[in-house]
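Working notes, structure below.
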Amino acid sequence: MRHLLLSTLLLLGLCAPAQAGLFDKLTGGEKPKRVELNESSDKALVFKEAFSPDSPFAPAVKPAELTQRKVAIAAFQVEFVTQHIASAGKKGGLGGGGLEKIFTLKGTSPEQMLAMTEKLNQQLKDLLVQRGYEIVPTEALLNSSFKSELTNADGTPLHKDEKDGVLGSARSMGLIGRNSGDSHGSSVIVTAQGTAPGVFEAKFGMPPAMKLADELGIAVIQARLQVSFMQIDTSNEALFSGAEAEGKPRNMLAMHKSNLSVFWPTSKMATFTLNKSLLLPGSVAEKVTEIAMTDGEKAGAGAKIALSALGGFFGSGGGMGGLAQAAGDVGGTVGSIGGSGKFDVTVGADYPTKVLQDLGLAVGLYVEAMPKPN
15 MRHLLLSTLL LLGLCAPAQA GLFDKLTGGE KPKRVELNES SDKALVFKEA
65 FSPDSPFAPA VKPAELTQRK VAIAAFQVEF VTQHIASAGK KGGLGGGGLE
115 KIFTLKGTSP EQMLAMTEKL NQQLKDLLVQ RGYEIVPTEA LLNSSFKSEL
165 TNADGTPLHK DEKDGVLGSA RSMGLIGRNS GDSHGSSVIV TAQGTAPGVF
215 EAKFGMPPAM KLADELGIAV IQARLQVSFM QIDTSNEALF SGAEAEGKPR
265 NMLAMHKSNL SVFWPTSKMA TFTLNKSLLL PGSVAEKVTE IAMTDGEKAG
315 AGAKIALSAL GGFFGSGGGM GGLAQAAGDV GGTVGSIGGS GKFDVTVGAD
365 YPTKVLQDLG LAVGLYVEAM PKPN
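In terms of this note's numbering, the sequence shown is residues 15 to 388.
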């Protein structure tokens, strides 16, 4: 039995180069699709490209089909990623171990993130007014059935650590694979004051915002953005050929975790999920510093990724892609890295300005989901 398993794995390894293209198509192992957004972009076109399902058989996204002019912002949340974990199986297959790069954001504070979230929430309101909508004040929400959702709507930043909980512990030990070559070790989640902090959690039954729309006869919006500070490129060629990647500091809006939901009367809704990572113009980093790792830490990181890759290969949920490369030069892409490493990515004094400019562009893109009132 042992020889049969070994022969099967070797056969897969020999066949991998010839089948790499098909393997990538089936597993989503190609380099991730991304869309760029800057000041000169046509927002309507970028919206269509970024939010449309990544399938040739799915229809392109279009704005919500509502006629209401009154709009309430029921929830506005920004998740600021503060640690990226880039991982990959090392070239040479199962015997080659693995690599793990950890990039940690330094020099910012939850208070700065709270201030940015409040400004972005106000910017969303201003853009909706410019588009022809009337913003319903928070007081109207407090006098509705939605009141219970606003119980803890004080804007307190929430620290999230992927290592917490059973699944996080299993990932940290390499017992299950990471979802991709780039996972998030930690983040700070901020919900704008006066908006509901818990509505983005998975719930069964009718969403509270849908009930609110029916009750008040208005359109209700829930918006969420997850902003990354590193651009990690990964490619899952095959288990035995390893992976290639490059990394550099850059503001990005993460796909899947960045979304907008619109609800309107008669229990109708439309959800717009970012299906491609959104590359933004700015970089938060002033410098990137490598932090010395002990031999034990390097060995532990390699063992975790080896287990993660094997788990992903046998259907445990990924972990085959993503060798990160350190960014020695903040503005450019770096060369291949020979081992695991830890890096501090230190922000500059203009960190809030750059992030606000970039996320302001993203908020403007979200507004494209709302039709222009007649």
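Ideal Cβ placement from N, Cα and C applies to all residues, glycine included.
Every value quoted in this text rests on a predicted model; they were computed, and no experiment measured them.
Is it a yes or a no for the region 49-62 touching the region 362-369, going by three-plus beta-carbon pairs under 8 Å?
Touching, no.
What are the residues that DSSP puts in a beta bridge with Ser-291?
Locating residue 291 in the sequence shown gives position 277, where the first residue counts as 1. Ser-291 is bridged to Arg-48.
By how many angstroms is the C-alpha of Ser-54 removed from the C-alpha of Ala-88?
Walking along the sequence shown from the start, residue 88 turns up at place 74. Walking along the sequence shown from the start, residue 54 turns up at place 40. The alpha-carbon atoms of Ala-88 and Ser-54 are separated by roughly 30 Å.
Mind checking Val-213: buried by the 16 CB within 10 Å criterion, or exposed?
Taking the sequence shown and counting its residues from 1, the one referred to as residue 213 is at position 199. Buried.
Considering just the uninterrupted stretch of the alpha helix (DSSP H) at Phe-65, what are its terminal residues?
Within the sequence shown, numbered from 1, the residue matching residue 65 stands at position 51. Where Phe-65 is concerned, the enclosing alpha helix (DSSP H) stretches over 57-65.
For Gly-331, which three-state DSSP category applies?
Reading the sequence shown from its first residue, position 317 is the one you call residue 331. Residue confidence for Gly-331 is low, a pLDDT of 39 falling below 50, so the modelled location carries little weight; the figure read from the coordinates is stated next. DSSP places Gly-331 in coil when its eight states are reduced to three.
What is the DSSP secondary structure of Phe-160, reduced to helix, strand or coil?
Here residue 160 corresponds to residue number 146 of the sequence shown, with the count starting at 1. If DSSP states are grouped into helix, strand and coil, Phe-160 belongs with the helices.
Could you tell me the alpha carbon to alpha carbon distance between Leu-156 and Leu-164, rounded to whole angstroms?
Residue 156 sits at position 142 when you count from the first residue of the sequence shown. Residue 164 sits at position 150 when you count from the first residue of the sequence shown. Roughly 7 Å separates the two Cα atoms.
Work out the CA separation of Val-204 and Met-127 for me, nearest whole Å.
Mapped onto the sequence shown, residue 127 falls at position 113. Mapped onto the sequence shown, residue 204 falls at position 190. Taking the straight line from one Cα to the other gives about 7 Å.
Going by CA-CA distance only, name the one from Trp-278, Arg-145 and Ala-299 that's closest to Lys-225.
Here the question's residue 225 lines up with position 211 in the sequence shown. In terms of Cα proximity to Lys-225, the closest of Trp-278, Arg-145 and Ala-299 is Trp-278.
If you draw a straight line from the C-alpha of Leu-293 to the C-alpha of Met-244, how long is it?
Translated into positions along the sequence shown, residue 293 becomes position 279. Translated into positions along the sequence shown, residue 244 becomes position 230. Rounded to whole angstroms, Leu-293 to Met-244 spans 10 Å at the Cα level.
Do the region 79-96 and the region 223-241 meet, that is, are 3 or more Cβ pairs less than 8 Å apart?
With the cut-off at 8 Å, the region 79-96 and the region 223-241 touch.
Option nearest Gly-374 by Cα separation, candidates Ala-299, Leu-267, Lys-161 and Thr-285:
Residue mapping note: residue 374 aligns to position 360 of the sequence shown, counting from 1. The shortest C-alpha separation from Gly-374 is found at Leu-267.
Kindly indicate which three-state DSSP category Glu-114 falls into: helix, strand or coil?
For the purposes of this step, residue 114 is taken as the residue at position 100 of the sequence shown. Strand at Glu-114.
Assigned secondary structure, Val-150 (DSSP; H/G/I helix, E/B strand, else coil):
Residue mapping note: residue 150 aligns to position 136 of the sequence shown, counting from 1. Three-state DSSP puts Val-150 in coil, outside helix and strand.
On a Cα-Cα basis, can you pick out the residue from Gly-146, Ser-297 and Ala-58 that is closest to Lys-386?
Sequence index remark: in the sequence shown, residue 386 carries index 372 (1-based). Considering only alpha carbons, the answer is Gly-146.
Taking the alpha helix (DSSP H) that Asn-135 belongs to, which residues open and close that run?
Looking up residue 135 in the sequence shown gives position 121. Its alpha helix (DSSP H) spans residues 124-145.
Starting from the Cα of Gln-120, find the closest Cα among Glu-382, Asp-175, Val-298 and Lys-47 and give me that residue.
To locate residue 120, count along the sequence shown from 1; it is residue 106. The question names Gln, but residue 120 is Lys in the sequence shown. Closest option to Lys-120, Cα to Cα, is Val-298.
Near Asn-166, what residues of its chain come up, given a Cβ to Cβ distance below 7 Å and the 5 sequence neighbours on each side ignored?
If you number the sequence shown from 1, residue 166 lands on position 152. Excluding five sequence positions before and after Asn-166, the CB atoms of its chain that fall closer than 7 Å to its own CB belong to Pro-211, given in chain order.
Helix, strand or coil at Gly-378 according to DSSP, with G and I counted as helix
Residue mapping note: residue 378 aligns to position 364 of the sequence shown, counting from 1. In the structure shown, Gly-378 sits in a helix (DSSP, three-state: H, G or I).
Assuming Leu-8 is part of the beta strand (DSSP E), what are its boundary residues?
In the structure displayed, the chain extends from 15 to 388; residue 8 sits before or after that span and is not available.
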